[in-house]
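Letter 278 of the sequence shown, counting from 1, is numbered 291 in our numbering, and no numbers are missing. Here the structure is laid out as structure tokens; the discussion comes afterwards.
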Amino acid sequence: MRAYQLTARTGVDALKAVDLPTPKPGRGQVLVKVSACALNYRDLAIATGRYRSPTRANVIPLSDGAGEVIEAGPDVRGVRAGDRVTGCFFQRWQGGEAGPDTQASALGGGVDGMLAEYVVLEEEGLVKTPGHLTDEEAATLPCAALTAWHALVEHGGLTPGKTILVQGTGGVSMFALQFARMAGATVIATSSSDAKLARALALGATHGINYRSTPDWDKAAVELTGGRGVDQVVEVGGPGTFARSLGAIRTGGKISLIGVLSGMAEINPGLILAKRASVQGISVGSTQMFEAMNRAISANGLKPVIDRVFPFARAADAYRHLESAAHFGKIVIAM
Ligand SMILES: NC(=O)c1ccc[n+]([C@@H]2O[C@H](COP(=O)([O-])OP(=O)(O)OC[C@H]3O[C@@H](n4cnc5c(N)ncnc54)[C@H](OP(=O)(O)O)[C@@H]3O)[C@@H](O)[C@H]2O)c1
Numbered sequence: 014m015r016a017y018q019l020t021a022r023t024g025v026d027a028l029k030a031v032d033l034p035t036p037k038p039g040r041g042q043v044l045v046k047v048s049a050c051a052l053n054y055r056d057l058a059i060a061t062g063r064y065r066s067p068t069r070a071n072v073i074p075l076s077d078g079a080g081e082v083i084e085a086g087p088d089v090r091g092v093r094a095g096d097r098v099t100g101c102f103f104q105r106w107q108g109g110e111a112g113p114d115t116q117a118s119a120l121g122g123g124v125d126g127m128l129a130e131y132v133v134l135e136e137e138g139l140v141k142t143p144g145h146l147t148d149e150e151a152a153t154l155p156c157a158a159l160t161a162w163h164a165l166v167e168h169g170g171l172t173p174g175k176t177i178l179v180q181g182t183g184g185v186s187m188f189a190l191q192f193a194r195m196a197g198a199t200v201i202a203t204s205s206s207d208a209k210l211a212r213a214l215a216l217g218a219t220h221g222i223n224y225r226s227t228p229d230w231d232k233a234a235v236e237l238t239g240g241r242g243v244d245q246v247v248e249v250g251g252p253g254t255f256a257r258s259l260g261a262i263r264t265g266g267k268i269s270l271i272g273v274l275s276g277m278a279e280i281n282p283g284l285i286l287a288k289r290a291s292v293q294g295i296s297v298g299s300t301q302m303f304e305a306m307n308r309a310i311s312a313n314g315l316k317p318v319i320d321r322v323f324p325f326a327r328a329a330d331a332y333r334h335l336e337s338a339a340h341f342g343k344i345v346i347a348m
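If you want it as structure tokens, here you go:
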């Protein structure tokens, strides 16, 4: 079968097209024919050696993909050949607390990922694909969408009337915008680009703030809420934006700590105390969270925002497009 492997951690050029034997499903596993994959910032971080968790040598990259079950191994009960399925970021985190082996089961990191014609997935590490989504759309869900869902619904207890601030217009943030709007919340979007802010407003954001031309975007957000502050920040910037996120939330507000796009800086715990803030680290989510999210996606007919679809043969160009940060929403690779 055709696949890609990351042969080094030196950048996108280390992505090599290879021909590998088609894997066989074991007990409790299924063989899936992949029809689409999606990229996340993590995939770039792994390719460039900036990812903190260990990744296997010559890993088949990408956590996100969707396709069709070709063969179910012994003891598989929940799916059968012909079912449309989407892989879960973690192959071993069905529900409840993540286990000690959950991190090592991350696709495209601890275990081989989705950038191949065929993959073997654990039965507990896949979900049925919502009927109204194409495989290209479903492929965008496992990492970015589930992280946004975990942050807003599981951590934030999203309810109508809340005000949510999303940082930038990448994959996680645009799903957070869509989920927040789906639940009747107000969204303040930030971006480095006015053109992207216009698209975020078209997608349902109420307000947009350019964090380049308005570096004190925290004060702008507080003003937009009549001085109260936002209920929750979906924090993808990390240490470089965290202090401003604390400035933007209301007293007792929440910060979902998801990404570290802005590099490293010191965090002052005194600010967390002063705001009586609740700060929660988010690590994607479990299979049960994914199933709950898909029910919400189906009930609301939500469609993921796809920036661009690249053919399999141009996978490296998809990575380069992600690296350019020119995208809005998700970047997909079609098989
Ligand atoms: N913890 C988890 O489970 C988890 C899961 C998914 C992602 N993440 C992390 O979350 C972050 C976002 O991931 P992603 O896949 O959504 O990335 P992405 O699609 O590549 O989004 C990148 C966008 O973030 C915005 N951005 C960059 N620097 C920023 C800053 N200093 N302040 C505000 N916005 C900034 C930019 O938007 P504009 O161009 O609009 O400015 C950029 O286009 C990454 O650090 C990733 O590793 C963590």
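By construction, the Cβ of each residue, glycine as well, lies at the ideal position given by its N, Cα and C atoms. In this text, all values refer to a predicted model and were calculated from it rather than measured experimentally.
If you run the structure through DSSP and keep just helix, strand and coil, what is residue i?
i      : result
Lys343 : strand
Glu130 : coil
Thr300 : helix
Asp229 : coil
Gly221 : strand
Val318 : coil
Lys209 : helix
Leu171 : coil
Pro143 : coil
Glu336 : helix
Val45  : strand
Leu19  : strand
Arg349 : Absent from the structure is residue 349, since the part of the chain shown begins at 14 and ends at 348.
Gly250 : coil
Pro155 : helix
Arg194 : helix
Asp32  : strand
Leu178 : strand
Leu216 : coil
Glu135 : strand
Thr264 : strand
Asp244 : strand
Ala331 : helix
Leu120 : strand
Ala111 : coil
Thr238 : coil
I think residue i touches residue j, with their Cβ atoms under 8 Å apart; what is that distance to the nearest whole Å?
i      : j      : result
Leu274 : Ile268 : Wrong, their Cβ atoms sit about 15 Å apart, outside the cutoff.
Glu137 : Val92  : Not confirmed; about 11 Å, so no contact.
Thr142 : Thr99  : 5 Å
Gly41  : Gly86  : 6 Å
Gly126 : Ile73  : 5 Å
Leu158 : Met302 : For the sequence presented, residue 158 should be read as Ala rather than Leu. Contact doesn't hold; Cβ gap of about 10 Å is too wide.
Thr153 : Gly184 : 7 Å
Ala196 : Thr219 : 14 Å between Cβ atoms; not a contact.
Thr20  : Ala27  : 5 Å
Ala51  : Ile344 : 7 Å
Ala198 : Lys232 : Actually they do not touch by this definition, with Cβ atoms about 21 Å apart.
Val47  : Glu130 : 6 Å
Gln191 : Val247 : Going by Cβ atoms, the distance from Gln191 to Val247 rounds to 12 Å, so no, they are not a contact pair.
Ala328 : Ile346 : 5 Å
Gly169 : Gln245 : 5 Å
Compare the C-alpha of residue i against each of the options and name the closest.
i      : options                        : result
Ala261 : Ser76, Val243, Thr254          : Val243
Leu284 : Ile295, Gly294, Gly266, Thr176 : Gly266
Leu237 : Gly250, Arg225, Ala202         : Ala202
Asn187 : Leu315, Leu28, Val31           : This sequence places Met at residue 187; Asn is not what is there. Checking every option, the nearest Cα to that of Met187 belongs to Leu315.
Ser76  : Gly112, Ile222, Ala58, Ala338  : Ala58
Leu214 : Asp320, Val200, Lys343         : Val200
Pro167 : Asn313, Thr219, Arg69, Ser299  : For clarity, residue 167 is Glu in the given sequence; the question names Pro instead. Measuring from the Cα of Glu167, the nearest candidate turns out to be Ser299.
Asn281 : Leu270, Pro252, Trp230, Gln293 : Pro252
Asp207 : Ile310, Asp231, Thr182, Ala193 : Thr182
Tyr351 : Val322, Val132, Tyr64, Glu279  : Residue 351 falls outside the range modelled here, since the chain spans only 14 to 348, and no answer is possible.
Arg105 : Arg97, Gln116, Leu286          : Gln116
Val292 : Asp231, Gly95, Ser66, Ala164   : Ala164
Lys37  : Met14, His145, Ala21, Ile222   : Met14
Ala309 : Leu216, Gly239, His334, Ala193 : Ala193
Leu210 : Phe341, Ser48, Gly239, Arg321  : Phe341
Ala119 : Tyr64, Pro317, His145          : Tyr64
Arg225 : Thr254, Gly169, Val247         : Thr254
Thr264 : Gln107, Ala287, Leu190, Ala329 : Ala287
Glu81  : Ala94, Ala234, Arg90           : Ala94
Cys101 : Glu84, Val124, Leu128, Cys156  : Cys156
Arg22  : Ala70, Thr35, Asn53            : Ala70
Arg97  : Gly144, Ala278, Val297, Arg212 : Gly144
Sequence ranges, beta strand (DSSP E) only - wholly within the segment 59-108, length at least 3: 77-85, 97-100
Length-filtered (4 minimum) alpha helix (DSSP H) runs lying within the segment 270-294: 282-287
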